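Visitor: Using our numbering, the first residue of the sequence shown is number 6, and each one after it goes up by one.
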Amino acid sequence: MSKDLEEVYKDTALPYSTVVDWARRFREGRVSIEDEERIGRPVSSASDKNILEVSALLVEDPHITLVEIADAVGISTGTAQAIVHDNMKFRKICARWVSHLLTQDQKAKRVQWATKLLSEFDRADSRRLFEIVTGDETWVRYSEPLSKEVNKVWVAKGQDPPMIPRYDFRDSKVMYCIFFYSNGPVC
Numbered sequence: 006m007s008k009d010l011e012e013v014y015k016d017t018a019l020p021y022s023t024v025v026d027w028a029r030r031f032r033e034g035r036v037s038i039e040d041e042e043r044i045g046r047p048v049s050s051a052s053d054k055n056i057l058e059v060s061a062l063l064v065e066d067p068h069i070t071l072v073e074i075a076d077a078v079g080i081s082t083g084t085a086q087a088i089v090h091d092n093m094k095f096r097k098i099c100a101r102w103v104s105h106l107l108t109q110d111q112k113a114k115r116v117q118w119a120t121k122l123l124s125e126f127d128r129a130d131s132r133r134l135f136e137i138v139t140g141d142e143t144w145v146r147y148s149e150p151l152s153k154e155v156n157k158v159w160v161a162k163g164q165d166p167p168m169i170p171r172y173d174f175r176d177s178k179v180m181y182c183i184f185f186y187s188n189g190p191v192c
């Protein structure tokens with residue numbers, strides 16, 4: 006039988022000892038070439054059960070660290086990393102800081118005002134552009150914001166980072182306002 010396999014498969018044929026071993030197994034009543042259930046410790050801790058537990062932990066707390074995952078599930082840190090990165094295709098990135106989060110109503114009103122301004126300039130001559138005064142304000146805080154490490158979250162591959170507001174209303178701060186028109190700042 007081994008010689009027949011060598012003729013057909015040439016260099017990729019199974020070694021003689023492997024063919025003899027499998028022939029013996031089939032004579033003893035084996036009917037499948039699939040691996041049998043093994044007893045003892047599993048080869049890898051990245052089992053379906055552990056993957057489900059890690060997934061539940063990440064849903065519950067996207068800021069959790071690999072060490073905390075490993076401790077909670079009872080696996081090594083390396084296995085936790087393999088599950089998160091290789092099996093689940095997650096990566097840990099910093100949340101994107103924005104000055105504040107707008108509601109859908111606020112976004113709609115901004116679009117409405119921008120559309121109204123554009124229609125005003127379509128009807129009038131271009132001199133009206135020089136009459137526009139615009140302004141902005143910003144809060145400058147006396148304390149440092151949270152570190153990037155605190156804001157890291159686990160996200161699936163291709164998923165956008167979450168946005169978090171950067172401010173805390175209890176911080177000591179000062180507001181700066183500035184207004185501009187076509188010739189520069191308004192004094």
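Cβ atoms here follow ideal geometry from the backbone N, Cα and C, with glycine treated the same way. Source: prediction; values computed, not measured.
Note down, in chain order, each residue of its chain lying with its Cβ closer than 7 Å to the Cβ of Val-160, except the 5 sequence neighbours on either side.
Guide: Here the set comprises Phe-95, Arg-96, Ile-98, Pro-166.
Visitor: Just mark Ile-183 as buried or exposed, buried being the case when its beta carbon has 16 or more other beta carbons within 10 Å.
Guide: Per the 10 Å Cβ criterion, exposed.
Visitor: Verify whether the separation of the beta carbon atoms of Leu-107 and Arg-115 is less than 9 Å.
Guide: Contact: yes.
Visitor: Over what stretch of residues does the alpha helix (DSSP H) that includes Phe-31 continue unbroken?
Guide: Counting along the chain, the alpha helix (DSSP H) containing Phe-31 begins and ends at 21-32.
Visitor: By Cβ distance, which residues of its chain are closer than 7 Å to Glu-11, with the 5 residues on each side in sequence left out?
Guide: Correct list, in chain order: Ala-18.
Visitor: DSSP has Met-168 in a bridge; who is on the other side?
Guide: Met-168 pairs with Arg-101.
Visitor: Reducing DSSP to helix, strand and coil, say where Thr-143 ends up.
Guide: Reduced to three states, the DSSP call for Thr-143 is strand.
Visitor: Look at the alpha carbon of Glu-42 and the alpha carbon of Val-13, and state the distance between them as a whole number of angstroms.
Guide: Whole-angstrom Cα-Cα distance: 31 Å.
Visitor: Return yes when the Cβ of Tyr-181 is within less than 9 Å of the Cβ of Thr-139, no when it is not.
Guide: Not closer than 9 Å, so no.
Visitor: State whether the region 53-73 contacts the region 83-95, with contact taken as three or more CB pairs (one from each stretch) at a distance under 8 Å.
Guide: Counting Cβ pairs under 8 Å, three or more are found: they touch.
Visitor: Give the secondary structure of Lys-94 by DSSP, where H, G and I count as helix, E and B as strand, and everything else as coil.
Guide: Three-state result, Lys-94: coil.
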